[in-house]
Each structure stands twice: as C-alpha cells, then as structure tokens.
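Asker: Starting off with a structure, shown below.
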Amino acid sequence: MTADSTLTAASATELARRIRDGEVTATDAVEAHLERIETVDGEINAFVTVCADEARDAAAEADRALDGVETDEDLGPLHGVPVALKDLGGLKEGVRHTNGSALFADNVADRTALLVERLEDAGAIVIGKTNTPAFGHKGTTDNGVIGPTASPVDTDLNAGGSSGGSAAALGARMTPIATGSDAGGSIRIPAALCGVYGLKPTFGLVPDDSRPSAFGRSTHHVTKGPMTRTVADAALMLSVLAGPDASDPRSVPVEVDPLEALERPVDGWSIAYSPALEAFDVAEEVQSVVDEAVTAFEAAGATVDEVTLDHGYSMSELEAAVLPTYTTSILETATLLEEEHGIDLREHPDEVPDSLLAMVEAGERFGAADIARSGVVRTDFYDSVESVLAEYDLLVTPTLSYADIALEDDPRVSDWNWTLTWPFNWTGHPVASVPAGVTDRGHPVGLQVLGRRFDDEAVIAASAALERERPWDWLYEDAD
C-alpha cells in the first residue's frame, strides 16, 4: 500500500492523530484524497463539486496553525481531516449547492450551514459536495445534474439515497467522513448498500438551521448526522455536531458523550430482534446475513430475543399512512421553493424528475383528515417500539429488504416495502445502519441498531461491539 493509499484508508480518528503528531500534514491528507477522487470517481460519480483549491488553501492554513500551537488541546478534534458534504443542506458559503436539481445546477450558497460551521470549527476541511437526488426525495441517487451514483462495491448497482454520494465516497475511500441527512432513511439506506456506517441521531440532538422555515412539517422528519467507515469516527463527528442552537427551535439541551460510549461493554444487555417489523417482506439473502450478524451481540455477552412489534398494521396500511405525511412534506418543499426562488416545480417537467412531480401532486390530494389519521397510525407504531424498549435495551432489525438495487430504474424502489428505515423517522429514535456482512453475491447488507430516545450512546456502544466482533474494514480493501 502506497503512502497515499495509506492516508485514504485511514479513519478520521487515525488521520487526525497522525496530523497532530506530525507524522503527516493536512496538505498530505487533502492531496491524497483529491488524487483518489480524480482516480476513481469517474466510475462512481459521488461528487457533484470538488473544492480542490479551497481545500488546499485550508490545508495550508491548518499546517501553519499546527506549527504555532503548544499543545494538542489548542487544535480541533478534526484538525486537517477532509470531510465531504451532502449537496442538500450542507451549505458552504461561496460553493455550488445544487440540491440535486438541474434547476439549481449553478446555484452558489450565500451562507454556511451550522452543521458545516461546527465541522470547520473542529478543524475539518471541506473537500467537496456529494451527489443526491433532487431535493432528497427518494432512496436512490440520480439526478439531472451529474446522473446516478454507483455503489463502490458493484458499479452496476445504485449507491442508495438520498445521501448516496456521501456513502459511495466513503466506501471508495475518497473521504474519511461525510455528512448525511435522513428524512426516511437517507443516511441508513446508502450506508447499507455501500457497506459503511450511518447514524441518524435522536431527533433534536443535532440542530438544523435550515431556512426559510424552521417550523415546517418536513423538518420534523429530517435529522442530519454522520456517515463514516468506523463507529469511532461517527462518535467523533457526533461529539462535534450535537448540542442545541438558538437557530433550531426543536433542538434540545441533552448532553451526550459518544466517545465514552465506544468502549462501553454490552455484556448483560438485552437486545430485541425484529426480522421484519411485522410488515416488511425481506429477501432471504438479506435475512440470512442479518440472522448471522445478530449472534455477534451474544458473543459480546448480550442476550438476543426475537420479538413482535404489536402495532397491528399491514404493510399496505402503513403505506397508506406514510404517504400523506411524506408527500405533503415534499409539497411543502415545493411551496417554499416557489416562495423563496419563484420556481414552480410543476412548470419545469423537463428538469424535474417524474417521481418528484408525482409526490408533489399526491401531496396536493391529501388534507387535514388524512394527516390526522396518519398521526394515529404513527402513534401506534411509536407505542409498539416504546413497548419493546421498556423491556429491552435495544431493538435491531434489517436496514433494507434488498441488497441489489439497480443503478437506474429499479422498479422495486417505488414500493415502501424495500426500506425498513422510514418508520423510525416517524418515531424519532436514534438508529444506525451497521455493516452486517455480504450476500453470496458480495453485496453489503445493513443491520439497524435502535435505542431509546436520546440514548444515542447505547446505539454507538452496541455498534462498536458489533464492529469488534465482526470487523468490516475488509469491505474497503477491494476499493482499489
């Protein structure tokens, strides 16, 4: 392995240590990742924008700052570490921000998002913006800006979405850490398909300063969070990102110590396992991988019981309930675009994907009564999860029903059955997708680890235990 490939294979935690210790420079780290992007991204299509000049300037400044410090305490925990930003919500002033839409292909951000400010204050260096479907509206990544993003494991398959560019960039070692956002699984879906780690924190733990509406219905489903190759890196990112801010009226003053949780044993814990959430149709090849993976918790000293979630609904009933909540949130996005930018998505059928227009039109058909009925189903599902967590420390379940989503136009993705992720946007619980293994065809499978609200530390502790018992770093060795 060359010096450059050693740097791109390193975790953010390791890279930050090496930079602090003077083994490598921030410039070395940035150049290695820029070279990696240049070498492999032509086939994967993870980056919408590469901030090469800006990253080099920031790295040079980081190296100068390192020369002037007396102790490591004067440096941020991510000093000199490259980070990739999802091109939706990850605003950086002066950098192109497309929202995954051809209508915004030339849009340049006029401010920096709080999420990005916190990462940069911790010393991270923005290396680029990663691909996403238009306004993050679906669970696969393709758009009219740069096209589809492929899985780094199999480029005939899609990376998943809507944070697909971030997941693919991680799996292909083009960045050590990346941001994601999750309204229905958009962190966890691509994490599962690309074989990386993605954490949706408890709703309200990571503040979101999105504008123009801080009180919108759509924001109530969306959580920003870390995407990484290791659990330690996700804990490090969460330690930087978590904490209330006045810009987000829904952020909460809850203290967490994710780094401490990394070494917390799960010996004696009780873990509930739901193979299909009593509603989903999970492919046998996925189920067998997950069944095997959950035994790792037993090897770590926990007990695992298969449980039933007593929500009482069929898949069709759950789908009928989620459609009003999700499509009206998409309609809200369309309305705000028209208010803020004077753009009516319905007047641009050549630039707006049919799937997005269909959601906008569906949202217009639902009314207050539909939302009210949806809230009842949502509450019943929430109660069923809480009932399990009253008896168990954690709930685990597959992330997805399938492991092989085609690069473009896979008919299965129009069905709500394929992702076991969106119910937990309803409930607001912290939940991660952890690499569980691969199918016989070599496709990654994700396992969701869900904890009690604001017990994100337990999710991290269990994820780290699984990583120790069943390491997954070998997944990235074939990225060359």
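Residues in the sequence shown are numbered from 1 upward in steps of one, following UniProt numbering.
We treat Cβ as the ideally placed atom computed from N, Cα and C, and that holds for glycine.
Remember, predicted model here, so these are calculated numbers, not experimental data.
#1: Quick check: the Cα distance between residue 288 and residue 141, rounded to an integer number of angstroms?
#2: Can you look up residue 456 in the DSSP assignment and give me helix, strand or coil?
#3: Kindly indicate which residue of 453, 436 and 42 has the alpha-carbon position closest to the one of residue 474.
#4: Checking 8 Å against the spacing of the C-beta atoms, do residue 482 and residue 138 come in under that value?
#5: Quick check on residue 176: buried or exposed, where buried means 16 or more other Cβ atoms within 10 Å of its Cβ?
#6: Measure the C-alpha to C-alpha separation of residue 258 and residue 300 and round it to an integer number of angstroms.
#7: Would you identify the three-state DSSP class for residue 483, choosing helix, strand or coil?
#8: Quick test of the definition: if touching needs 3 or more C-beta pairs under 8 Å, does the stretch 320-336 touch the stretch 363-371?
#9: Which ranges would you report for the beta strand (DSSP E) in the stretch 403-474 if only whole runs of at least 3 residues count?
#10: What are the uninterrupted segments assigned as alpha helix (DSSP H) that are 4 or more residues long and contained completely in the stretch 13-69, given in chain order?
#11: Do the CB positions of residue 158 and residue 169 come within less than 8 Å of each other?
#12: Less than 8 Å between the C-beta atoms of residue 116 and residue 90, yes or no?
#13: Quick one: Cα of residue 24 to Cα of residue 92, how far?
#14: For residue 28, which of 5, 39 and 45 has the nearest alpha-carbon?
#15: Using CA coordinates, which residue listed in 406, 125, 246 and 34 is at the minimum distance from residue 16?
#16: What did DSSP end up calling residue 111 once you bin it into helix, strand or coil?
#17: Using DSSP with H/G/I as helix, E/B as strand and the rest coil, what is residue 270?
#18: Which residue's Cα is closest to the Cα of residue 180: 189, 173 and 174?
#19: List the whole-angstrom C-beta distance separating residue 204 from residue 250, where the pair is believed to meet the contact cut-off of C-beta under 8 Å.
#20: Quick check: residue 183 and residue 206, are their CB atoms within less than 8 Å of each other?
#21: Hey, quick one: how far does the beta strand (DSSP E) through residue 150 stretch, first residue to last?
#22: Give me whichever residues DSSP pairs with residue 332 in a beta bridge.
#23: So residue 371 is in the alpha helix (DSSP H); what residue range does that whole segment cover?
#24: Closest to residue 20 by CA distance: which of 34, 62 and 55 is it?
#25: Whole angstroms are fine: how far does the CA of residue 172 sit from the CA of residue 31?
#26: Would you call the stretch 419-437 in contact with the stretch 460-476, where contact means no fewer than 3 C-beta pairs closer than 8 Å?
#27: Please report the Cβ distance between residue 167 and residue 227, rounded to the nearest whole angstrom; I am assuming they are in contact, meaning their Cβ atoms lie under 8 Å.
#28: Around the C-beta of residue 542, are 16 or more other C-beta atoms found within 10 angstroms, so that it is buried, or is it exposed?
#29: Give me whichever residues DSSP pairs with residue 306 in a beta bridge.
#30: Using a 10 Å radius around the Cβ and a threshold of 16 neighbouring Cβ atoms, would you call residue 135 buried or exposed?
#31: Between the stretch 399-407 and the stretch 439-448, do three or more beta carbon pairs fall short of 8 Å?
#32: How far does the beta strand (DSSP E) with residue 213 in it extend, from its first residue to its last?
#33: Helix, strand or coil: how does DSSP classify residue 187 here?
#34: Go ahead and label residue 341 buried or exposed: buried means 16 or more other beta carbons lie within 10 angstroms of its beta carbon, across all protein chains shown.
#35: In chain order, what residues of the same chain have a beta carbon less than 8 Å from the beta carbon of residue 314, not counting five sequence neighbours either side?
#36: Leaving out the 5 sequence neighbours to the left and right, which residues in its chain are closer than 8 Å to residue 281 when beta-carbon positions are compared?
Answerer: Reading from the atomic positions:
#1: Translated into positions along the sequence shown, residue 288 becomes position 288. Translated into positions along the sequence shown, residue 141 becomes position 141. Taking the straight line from one Cα to the other gives about 27 Å.
#2: For the purposes of this step, residue 456 is taken as residue 456 along the sequence shown, with counting starting at 1. Note: residue 456 maps to helix in three-state DSSP.
#3: Within the sequence shown, the letter at position 474 stands for residue 474. Residue 474 has its Cα closest to that of 436, out of 453, 436 and 42.
#4: Lying outside 1 to 480, the shown extent of the chain, residue 482 is not represented and no answer is given.
#5: Position 176 of the sequence shown holds residue 176. Residue 176 is buried by the Cβ-count criterion.
#6: Numbered from 1 along the sequence shown, position 258 holds the residue referred to as residue 258. Numbered from 1 along the sequence shown, position 300 holds the residue referred to as residue 300. Straight-line Cα distance between these residues: approximately 19 Å.
#7: With the chain running from 1 to 480 in the structure shown, residue 483 is simply not present.
#8: yes
#9: 431-438 and 444-450
#10: 26-44 and 52-67
#11: In the sequence shown, counting from the first residue as 1, residue 158 sits at position 158. In the sequence shown, counting from the first residue as 1, residue 169 sits at position 169. Cβ atoms of residue 158 and residue 169: not closer than 8 Å.
#12: What you label residue 116 is simply residue 116 of the sequence shown in a count that begins at 1. What you label residue 90 is simply residue 90 of the sequence shown in a count that begins at 1. In contact: residue 116 and residue 90 (Cβ atoms closer than 8 Å).
#13: On the sequence shown, residue 24 is found 24 positions in, with the first residue counted as 1. On the sequence shown, residue 92 is found 92 positions in, with the first residue counted as 1. Across the structure, residue 24 and residue 92 are spaced so that their CA atoms are roughly 27 Å apart.
#14: Residue numbering aside, residue 28 sits at position 28 when the sequence shown is read from its first letter. Ranking 5, 39 and 45 by CA distance to the CA of residue 28 puts 5 first.
#15: Along the sequence shown, read from residue 1 onward, the residue named residue 16 stands at position 16. With distances taken between Cα atoms, residue 16 lies closest to 125.
#16: For the purposes of this step, residue 111 is taken as the residue at position 111 of the sequence shown. It is coil, neither helix nor strand.
#17: Against the sequence shown, residue 270 aligns to sequence position 270. DSSP places residue 270 in strand when its eight states are reduced to three.
#18: By 1-based counting over the sequence shown, the position of residue 180 is 180. Closest in C-alpha terms to residue 180, from the list 189, 173 and 174, comes 189.
#19: Against the sequence shown, residue 204 aligns to sequence position 204. Against the sequence shown, residue 250 aligns to sequence position 250. Contact flag correct, Cβ pair sits at about 5 Å.
#20: Here the question's residue 183 lines up with position 183 in the sequence shown. Here the question's residue 206 lines up with position 206 in the sequence shown. No; because the gap between Cβ atoms is not below 8 Å, this pair is not in contact.
#21: On the sequence shown, position 150 is the one that residue 150 refers to. Taken as a continuous stretch (DSSP letters only), residue 150 belongs to no beta strand (DSSP E), as it is neither H nor E.
#22: For the purposes of this step, residue 332 is taken as the residue at position 332 of the sequence shown. Per DSSP, none; premise fails for residue 332.
#23: Working through the sequence shown from its first residue, we reach residue 371 at position 371. Element bounds for residue 371: 368-389.
#24: By 1-based counting over the sequence shown, the position of residue 20 is 20. Per the Cα distances, 62.
#25: Translated into the one-based positions of the sequence shown, residue 31 becomes position 31. Translated into the one-based positions of the sequence shown, residue 172 becomes position 172. So the alpha carbons of these two residues sit roughly 16 Å apart.
#26: yes
#27: Your numbering for residue 167 matches position 167 in the sequence shown. Your numbering for residue 227 matches position 227 in the sequence shown. Contact holds; Cβ gap of about 6 Å.
#28: No information on residue 542 is available, as it lies outside the stretch 1 to 480 that the chain covers here.
#29: For the purposes of this step, residue 306 is taken as the residue at position 306 of the sequence shown. Answer is 273, bridged to residue 306.
#30: Against the sequence shown, residue 135 aligns to sequence position 135. Burial call: buried.
#31: Yes, the stretch 399-407 is in contact with the stretch 439-448.
#32: Within the sequence shown, numbered from 1, the residue matching residue 213 stands at position 213. Element bounds for residue 213: n/a, residue is neither H nor E.
#33: Here residue 187 refers to the residue found at position 187 of the sequence shown. Three-state DSSP puts residue 187 in coil, outside helix and strand.
#34: As a working note, residue 341 is residue 341 in the sequence shown. By the neighbour-count criterion, in which 16 or more other beta carbons inside 10 Å mark a residue as buried, residue 341 falls on the exposed side.
#35: Taking the first residue of the sequence shown as 1, we reach residue 314 at position 314. Result list for residue 314: 279, in chain order.
#36: By 1-based counting over the sequence shown, the position of residue 281 is 281. So the list reads 315, 401 and 417, once near-sequence residues are dropped.
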